[in-house]
Amino acid sequence: MAAPTQISFFALLVLLIPAARSSAEGFPKDPEQRSHIHFFIHDKISGPNATAIKVGTNPNPPRSETGLDFASVFVVDDLMTVGPDPSSRAVGRARGFYTVSSLSGSDLYFSVHAVFTDGIYKGGTLAVVARDAILEPIRELPIVGGTGVFRLARGFAFMKTHAFDTKTGNAVLEVDAYVLHH
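Here the sequence shown stands for residues -24 to -1, 1 to 158, numbered as in mature numbering (1 follows the signal peptide of the UniProt record, and there is no 0).
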């Protein structure tokens, strides 16, 4: 006769196999893909129809080299287009927030989802959580996740300032994203 511990182990094993199988069913079965996506983000912090709104600030900010106050927080819903002109074809919105995370005003903490609303990536999102050293000519930002066509995404994006208006603070950012996804 089998020992009680052997019977308990066998019973536990019989119960766990279906649970393990059902938890794996949500993972994509298709092979991993590589995508290169090029787009522009229109960050409009002033003027009519601003898309980046300051929601918090430091009451006594130190003098910064960029004009951005340390600890300022902006919530964004920026237009994403195929070209640098805001009237070029829209492909989505960059939604999230950034905060000025350095005393000099040169670094932003950037947490944004690129939400694609048109084209072959429609319905997909890419999550970017990064340090944005805004004075650098080209910044590398990690892509840490995604949804829809970008499920289980990982990768990186190179971002550069294509245009910046010193009077308004509005900027056009050029993005080249390199993504592995299912």
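Glycine included, each C-beta is placed from N, C-alpha and C at the ideal position.
Does the segment 64 to 74 touch the segment 46 to 55, meaning 3 or more C-beta pairs lie closer than 8 Å?
-> yes
8 Å Cβ cutoff met for residue 155 and residue 11 | Within the sequence shown, the letter at position 179 stands for residue 155. Within the sequence shown, the letter at position 35 stands for residue 11. Yes.
DSSP three-state assignment for residue 126, whether helix, strand or coil | Translated into the one-based positions of the sequence shown, residue 126 becomes position 150. The answer is helix: DSSP assigns residue 126 an H, G or I state.
Whole-number beta carbon distance between residue 101 and residue 23, since they are thought to touch under 8 Å | Taking the sequence shown and counting its residues from 1, the one referred to as residue 23 is at position 47. Taking the sequence shown and counting its residues from 1, the one referred to as residue 101 is at position 125. Rounded, the Cβ-Cβ distance is 27 Å, inconsistent with contact.
In chain order, what residues of the same chain lie with their CB nearer than 6 Å to the CB of residue 89, ignoring the 5 residues before and after it?
-> Within the sequence shown, residue 89 is the residue found at index 113, counting from 1. Cβ within range, chain order: 71, 72, 101 and 103.
C-alpha gap between residue 19 and residue 60, whole angstroms = Stepping through the sequence shown from its first residue, residue 19 is reached at position 43. Stepping through the sequence shown from its first residue, residue 60 is reached at position 84. The straight-line gap from Cα to Cα measures roughly 12 Å.
Beta-carbon proximity check, residue 161 vs residue 86, cutoff 8 Å | With the chain running from -24 to 158 in the structure shown, residue 161 is simply not present.
Would you call the CB atoms of residue 117 and residue 139 closer than 8 Å?
-> Residue 117 sits at position 141 when you count from the first residue of the sequence shown. Residue 139 sits at position 163 when you count from the first residue of the sequence shown. No, the Cβ-Cβ distance between residue 117 and residue 139 is not below 8 Å.
Minimum C-alpha distance to residue 112 - residue among 99, 130, 136 and 35 | Within the sequence shown, residue 112 is the residue found at index 136, counting from 1. For residue 112, the nearest C-alpha among the options comes from 136.
How many Å lie between residue 29 and residue 69 at the Cα?
-> Position 53 of the sequence shown, counted from the start, is the residue given in the question as residue 29. Position 93 of the sequence shown, counted from the start, is the residue given in the question as residue 69. So the two alpha carbons sit approximately 15 Å from each other.
Report the residue from 158, 153 and 148 whose alpha carbon sits nearest the alpha carbon of residue 63.
-> As a working note, residue 63 is residue 87 in the sequence shown. Here the closest residue by C-alpha is 148.
Could you tell me if residue 146 is buried or exposed, where buried requires 16 or more neighbouring beta carbons within 10 angstroms of its beta carbon?
-> Position 170 of the sequence shown, counting from 1, holds the residue named residue 146. The residue in question, residue 146, is buried, as its Cβ has 16 or more Cβ neighbours within 10 Å.
Near residue -3, which residues of its chain fall below 6 Å by C-beta distance, leaving aside the five closest residues on each side in sequence?
-> Against the sequence shown, residue -3 aligns to sequence position 22. Annotation note: pLDDT 49 at residue -3 (below 50); position unreliable, coordinate value reported separately. There are no such residues.
Taking DSSP as the reference, what is the three-state secondary structure of residue 143?
-> In the sequence shown, residue 143 corresponds to position 167, counting from 1. Note: residue 143 maps to coil in three-state DSSP.
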